[in-house]
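Asker: Can you keep this structure in mind? I'll have questions shortly.
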Amino acid sequence: MTARIVMKLDVVERTELGDDVARLVFRHPRRPTLAAWTPGAHVDLRLPDGKVRQYSLIGDPDDLATYTIAVKREASGRGGSRLVHEALCVGAVAHVSAPRNNFPLAPGRAVLIAGGVGATPLISMARELVRRGEDFAFHLCVRTADSPFAIMAEAVAGERLSVHASSGEGARRLDVAALVAGLAPDVHLYCCGPDRLTAAVAEAAEGRDEDTVHFEVFAATADENYKPEPFDLTIASTGRTYRVPAERSALDVLREEGFALPSSCELGVCGSCECGYTQGTVIHRDVVLEPSARQHRMMPCVSRARVAVTLDL
Amino acid sequence: MGWRGTLLSIHIAPAASYEMEELEEAELVAGKGIVGDRYFYGTGTYSPKPDAREVTLIEEEALDALAADDPPMQGAPIALGHDEHRRNLTVRGVPLNHLVGWRFRIGDCVLAGGRLNFPCKYLEEILGKPVYLPLYNRSGLNCWIETGGIIRKGDVIEPLDERTEKPNRAFPSRDVRTS
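These protein sequence lines are chains A and B, in that order. Here our numbering is used: the first residue of the first sequence is 1, the next is one more, and so on. Here our numbering is used: the first residue of the second sequence is 1, the next is one more, and so on.
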């Protein structure tokens with residue numbers, strides 16, 4: 001999770017695709033082009049009540065003038081999609097972050113597996129795979145074959161799309177285990193959909209090279225209910241251990257003990273106080289560190305640990 | 001101090017991380033900030049930390065230097081627009097680094113230099129441009145508003161040759177963070 005600019009974009013098109021799915025197109029009021037993105041990327045939508053929700057971009061990445069998303073109104077969801085449906089009409093202003101891609105397409109053959117609205121990032125991937133002339137298959141699980149996601153996916157993937165409807169005429173569920181078992185080891189597997197589907201794919205893909213299995217998971221935004229707990233902090237060079245109480249930061253405790261780490265924002269955004277750690281489970285709460293760095297680096301101004309951590313100091 | 005500068009542009013952002021928006025004129029409120037800006041509302045990235053940040057300024061001369069890759073420490077020229085650097089006021093002809101602890105005038109308003117702005121990784125992250133090192137020591141000035149009012153693009157900026165009573169880093173008997 002890294003910091004991204006938030007733009008106030010105009011909703012310039014809204015199309016009801018049926019089945020409570022709306023397609024929304026955003027344009028910047030002043031800039032002719034928006035930040036570039038790659039298939040699999042998403043934007044954050046900041047909703048009027050302060051919630052933040054992630055939506056995959058489904059338009060053509062070559063069209064830098066607009067961003068397009070599809071939002072299904074989920075009656076049983078956390079309320080985000082209902083707000084989007086109510087608030088974002090043509091002429092409204094949407095608060096949209098710059099895109100980020102946690103689900104990029106690797107080179108090579110691909111099998112895309114989606115359930116329902118999980119089709120959105122894979123539709124962009126399918127368009128790119130067609131463009132590359134890559135060998136791929138797209139399996140889409142939907143309730144009925146006339147789902148708007150099936151129609152959008154077919155427009156992009158054509159005969160490479162297999163629609164697996166769970167009800168209605170010609171219903172046939174996807175046999176995930178058989179599909180994954182039949183794949184060559186070098187084929188990349190991309191999955192986005194409800195927990196049941198991703199769990200089935202994860203189980204079927206056990207034993208495969210994990211670099212070939214890709215999931216898109218939209219985690220609930222951090223911090224809404226975060227409750228700090230005390231933990232122990234050990235200094236690697238001296239072996240001494242200090243207690244960090246729930247109401248204080250590790251940086252504060254370090255400072256008190258004479259460790260003068262540079263610091264500026266003390267909010268996890270500036271990156272000044274970064275330090276290494278060797279042991280322990282760190283609860284990362286900053287927005288600066290790249291995911292790969294989080295295995296061994298932390299920001300002690302906001303990040304904490306479960307029970308204990310050893311710092312490289 | 002013999003100088004006379006110009007206010008080139010005014011930008012605000014409604015909340016942390018939001019794009020900066022340009023204004024032709026703006027209302028400064030003493031002790032608070034620019035009406036409409038994230039630090040006026042207390043919703044800025046750094047709002048939870050008490051600090052001189054009611055208005056932030058940067059020199060266009062520093063942006064010119066970045067655009068010219070001068071000094072050549074950044075690999076290539078960097079175009080940093082007035083709507084990108086996230087300081088409120090872009091000025092020309094104003095020696096910002098000399099104004100810590102001093103009062104100066106913009107139009108009818110009076111500002112006081114609190115401390116030098118320090119470049120931040122957050123800006124690099126949000127822009128996707130490697131500006132952290134090139135902005136070092138020319139990242140602008142964080143100010144208090146002593147006399148509020150309306151400022152407009154093109155306003156003249158002049159020194160008042162008076163020390164401020166506001167907390168500042170030039171006269172360390174008063175800590176800028178304990179205002």
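In this text, a Cβ means the ideal position worked out from N, Cα and C, and glycines have one as well. Keep in mind it's a predicted model, so treat the numbers as computed, not measured.
1. Counting only Cβ pairs nearer than 7 angstroms, list the residues of chain A close to residue 126 of chain B.
2. Let me know the secondary structure DSSP gives residue 72 of chain A once reduced to three states.
3. Between residue 270 of chain A and chain B, is the shortest Cβ-Cβ distance under 8 angstroms, so that the two count as touching?
4. In its own chain, which residues sit with a C-beta less than 7 angstroms from the C-beta of residue 313 of chain A, not counting the 5 before and 5 after it?
5. Under the three-state reduction of DSSP, which class applies to residue 41 of chain B: helix, strand or coil?
6. Between which two residues does the beta strand (DSSP E) harbouring residue 9 of chain B extend?
7. Should residue 48 of chain B be flagged as near chain A, meaning a C-beta pair shorter than 8 angstroms?
8. For residue 33 of chain B, tell me which candidate among B:142, B:159, B:162, B:157 has the shortest Cα-Cα distance.
9. In the DSSP assignment, find the alpha helix (DSSP H) that holds residue 126 of chain B and state where it starts and stops.
10. Let me know the secondary structure DSSP gives residue 30 of chain B once reduced to three states.
11. Using the Cα positions of residue 220 of chain A and residue 194 of chain A, report the straight-line distance between them to the nearest angstrom.
12. List the residues of chain A whose Cβ lies closer than 9 angstroms to the Cβ of residue 45 of chain B, in chain order.
13. Decide if residue 89 of chain A is buried, meaning its Cβ has at least 16 other Cβ atoms within 10 Å, or exposed.
14. How far does the alpha helix (DSSP H) with residue 86 of chain A in it extend, from its first residue to its last?
15. Would you call the segment 104-118 of chain A in contact with the segment 137-151 of chain A, where contact means no fewer than 3 C-beta pairs closer than 8 angstroms?
16. Can you say whether residue 295 of chain A is buried or exposed, counting buried as having 16 or more other CB atoms within 10 angstroms of its CB?
17. Residues in its own chain within less than 7 angstroms of residue 198 of chain A by CB, not counting five upstream and five downstream?
18. Establish whether the CB of residue 288 of chain A and some CB of chain B are separated by less than 8 angstroms.
19. Classify residue 73 of chain B as buried or exposed, calling it buried when 16 or more other Cβ atoms lie within 10 Å of its own Cβ.
20. If you check the beta carbons only, do residue 125 of chain A and residue 182 of chain A fall under 8 angstroms apart?
21. Leaving out five residues before and five after residue 61 of chain A in sequence, what residues of the same chain have Cβ atoms less than 6 angstroms from its Cβ?
22. Taking only beta-carbon positions, decide if residue 139 of chain B is within less than 8 angstroms of chain A.
23. Can you tell me which of the three DSSP states residue 171 of chain B falls into?
24. Quick one: give me the first and last residue of the beta strand (DSSP E) that residue 121 of chain A is part of.
25. Under a three-way DSSP split, which group does residue 165 of chain A fall into?
26. Shorter than 8 angstroms from the beta carbon of residue 27 of chain B to some beta carbon of chain A?
27. Does the segment 101-109 of chain B come close enough to the segment 10-18 of chain A that 3 or more CB-CB pairs lie under 8 angstroms?
28. Please check the pair residue 93 of chain B and residue 117 of chain B, which I expect to be a contact at CB under 8 angstroms, by giving their CB distance rounded to whole angstroms.
29. Could you tell me the alpha carbon to alpha carbon distance between residue 100 of chain A and residue 201 of chain A, rounded to whole angstroms?
Answerer: Here's the rundown:
1. Your numbering for residue 126 of chain B matches position 126 in the second sequence. By Cβ distance, chain A contributes 3, 4, 5.
2. Along the first sequence, one-based indexing puts residue 72 of chain A at 72. The answer is strand: DSSP assigns residue 72 of chain A an E or B state.
3. The sequence position of residue 270 of chain A within the first sequence is 270, counting from 1. True, the Cβ-Cβ gap to chain B drops below 8 angstroms.
4. Translated into the one-based positions of the first sequence, residue 313 of chain A becomes position 313. Taken in chain order, the residues that qualify are 235, 236, 237, 259, 275.
5. Working through the second sequence from its first residue, we reach residue 41 of chain B at position 41. DSSP places residue 41 of chain B in helix when its eight states are reduced to three.
6. The residue labelled residue 9 of chain B in the question sits at position 9 within the second sequence. Looking at the DSSP string, the run of the beta strand (DSSP E) that includes residue 9 of chain B is 5-12.
7. As a position in the second sequence, residue 48 of chain B is number 48, starting the count at 1. Yes, because at least one Cβ of chain A sits closer than 8 angstroms to the Cβ of residue 48 of chain B.
8. In the second sequence, the residue the question calls residue 33 of chain B occupies position 33. The candidate whose alpha carbon is nearest that of residue 33 of chain B is B:142.
9. Counted from its first residue, the second sequence places residue 126 of chain B at position 126. Note, residue 126 of chain B: alpha helix (DSSP H), 121-127.
10. Walking along the second sequence from the start, residue 30 of chain B turns up at place 30. The answer is coil: DSSP assigns residue 30 of chain B none of H, G, I, E or B.
11. Within the first sequence, numbered from 1, the residue matching residue 220 of chain A stands at position 220. Within the first sequence, numbered from 1, the residue matching residue 194 of chain A stands at position 194. Residue placement at residue 220 of chain A is flagged as unreliable, the pLDDT there being 40, under the threshold of 50; the coordinate-derived value follows with that caveat. Residue 220 of chain A and residue 194 of chain A: Cα-Cα distance of roughly 14 angstroms.
12. Along the second sequence, read from residue 1 onward, the residue named residue 45 of chain B stands at position 45. Near residue 45 of chain B (Cβ distances below 9 angstroms), the residues of chain A are 3, 265, 267, 269, 270.
13. Taking the first residue of the first sequence as position 1, residue 89 of chain A is located at position 89. Looking at its Cβ environment, which holds fewer than 16 other Cβ atoms inside 10 Å, residue 89 of chain A is exposed.
14. Here residue 86 of chain A refers to the residue found at position 86 when the first sequence is read from its first residue. Taken as a continuous stretch (DSSP letters only), the alpha helix (DSSP H) holding residue 86 of chain A covers 80-87.
15. yes
16. Residue 295 of chain A sits at position 295 when you count from the first residue of the first sequence. Result: exposed.
17. Locating residue 198 of chain A in the first sequence gives position 198, where the first residue counts as 1. Closer than 7 angstroms at the Cβ level, and outside the excluded window around residue 198 of chain A, lie 191, 215.
18. Here residue 288 of chain A corresponds to residue number 288 of the first sequence, with the count starting at 1. Closer than 8 angstroms to some Cβ of chain B, the Cβ of residue 288 of chain A qualifies, so yes.
19. Residue 73 of chain B sits at position 73 when you count from the first residue of the second sequence. Exposed: under 16 other Cβ atoms inside 10 Å.
20. The residue you call residue 125 of chain A lines up with position 125 of the first sequence. The residue you call residue 182 of chain A lines up with position 182 of the first sequence. The answer is no: Cβ separation not under 8 angstroms.
21. Stepping through the first sequence from its first residue, residue 61 of chain A is reached at position 61. Hits under 6 angstroms: 37.
22. Your numbering for residue 139 of chain B matches position 139 in the second sequence. For residue 139 of chain B, the answer is no, since every Cβ of chain A falls outside 8 angstroms of its Cβ.
23. Here residue 171 of chain B refers to the residue found at position 171 when the second sequence is read from its first residue. It is coil, neither helix nor strand.
24. By 1-based counting over the first sequence, the position of residue 121 of chain A is 121. Here residue 121 of chain A belongs to no beta strand (DSSP E); instead the alpha helix (DSSP H) covers 119-132.
25. Your numbering for residue 165 of chain A matches position 165 in the first sequence. It is a strand residue.
26. By one-based count along the second sequence, residue 27 of chain B stands at place 27. Taking Cβ atoms only, chain A never reaches closer than 8 angstroms to residue 27 of chain B, which makes this a no.
27. no
28. Indexing the second sequence from 1 puts residue 93 of chain B at position 93. Indexing the second sequence from 1 puts residue 117 of chain B at position 117. Between residue 117 of chain B and residue 93 of chain B the Cβ distance is about 18 angstroms, and since that is not below 8 angstroms, they are no contact.
29. For the purposes of this step, residue 100 of chain A is identified with residue 100 of the first sequence, where counting begins at 1. For the purposes of this step, residue 201 of chain A is identified with residue 201 of the first sequence, where counting begins at 1. Cα to Cα, the separation comes out at about 24 angstroms.
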